[in-house]
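Below is one structure; the comments refer to it alone.
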Amino acid sequence: PAALGNLASNAFNECDTLLRIDVDDSNPYFCSVDGVVYSKDRTILKVFPAGRGGDFTIPNGVTTVSNFAFYRCYQVENINMYNTVTSIGTAAFMDCTNLTSITLSTGLTELSDSMFSDCINLKNIIISNNVESIGYYTFARCTSLTSVTIPDSVVYIDAKAFYKSPD
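Its first residue numbered -6, the sequence shown is counted upward by one per residue in this note's numbering.
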């Protein structure tokens, strides 16, 4: 609605069949573009509808992907982003079980906690030369991950960044 002033990052968690979220055009804080919710100025991607699948490109101009923005988006397979993205929140892509590839922004300096946890079909990832730290459980239980390129710029990797549950 137009009066909505706060949208929790996990407001639509477990809405597995949700294909779009529409925001009233007169809302002063949020907008929606093709069913995806952004801040009004379109610099923050707030919520991606969990039932949407296939490929998605985070639009040019987005600087931040909110915590849990793609949480449990089981159907999304590939994500691309422009280099305008400089911040990705905690667990932003957690439990995207069909995500096989993602092209990360070169504008990122850290990979946040639980960012890709439980992305069981994520196969490889290239980390840009600007990333300095990889957080707690960033790639936890990414059981299909076969290739990770970690540049010399990374000065901190949490002890459980690549945690894999015992068999």
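Where is the CB? At the ideal position from N, CA and C, for every residue including glycine.
Note that the structure is predicted; figures quoted are calculated from it, not measured.
Asked                                                                                                                                                                                                : Found
Out of curiosity, what's the CA-to-CA distance linking residue 93 and residue 114?                                                                                                                   : 5 angstroms
If you run the structure through DSSP and keep just helix, strand and coil, what is residue 157?                                                                                                     : coil
How big is the Cα-Cα spacing for residue 96 and residue 29?                                                                                                                                          : 19 angstroms
Please list the terminal residues of the continuous beta strand (DSSP E) segment that includes residue 23.                                                                                           : 23 to 26
If you measure from the CB of residue 152, is any heavy atom of the ligand HEM nearer than 8 angstroms?                                                                                              : This structure does not include the ligand HEM; it has no bound ligands of any sort.
Please work out which residues of its chain come closer than 6 angstroms, Cβ to Cβ, to residue 127, disregarding the five sequence neighbours upstream and downstream, and give them in chain order. : 104, 150 and 154
Please give the ranges of any alpha helix (DSSP H) in the stretch 34 to 73, keeping only runs that are unbroken, at least 4 residues long and fully inside the region.                               : none
With 16 as the cutoff for other CB atoms within 10 Å, does residue 85 come out buried or exposed?                                                                                                    : buried
Can you tell me whether DSSP reads residue 142 as helix, strand or coil?                                                                                                                             : strand
Given a threshold of 16 other Cβ atoms within 10 Å of its Cβ, counted over all protein chains shown, does residue 82 qualify as buried or as exposed?                                                : buried
Would you check if the distance between the CB atom of residue 121 and the CB atom of residue 138 is smaller than 9 angstroms?                                                                       : no
Using only the alpha-carbon positions, how far apart do residue 50 and residue 87 sit?                                                                                                               : 17 angstroms
To which residues of the same chain is residue 110 closer than 8 angstroms at the C-beta, ignoring the five residues directly before and after it?                                                   : 84, 87, 88, 130, 131, 132, 133, 134 and 135
Taking the Cβ atom as the reference point for each residue, do residue 52 and residue 8 lie within a distance shorter than 9 angstroms?                                                              : no
Which residue from 48, 22 and 35 puts its Cα closest to that of residue -5?                                                                                                                          : 22
Quick test of your reading: residue 98 and residue 117, contact by CB under 8 angstroms. State the CB separation rounded to the nearest angstrom.                                                    : At roughly 17 angstroms, the Cβ-Cβ gap does not stay under 8 angstroms, so residue 98 and residue 117 are not in contact.
Taking all protein chains shown into account, do 16 or more other C-beta atoms lie within 10 angstroms of the C-beta of residue 39, making it buried, or fewer, making it exposed?                   : buried
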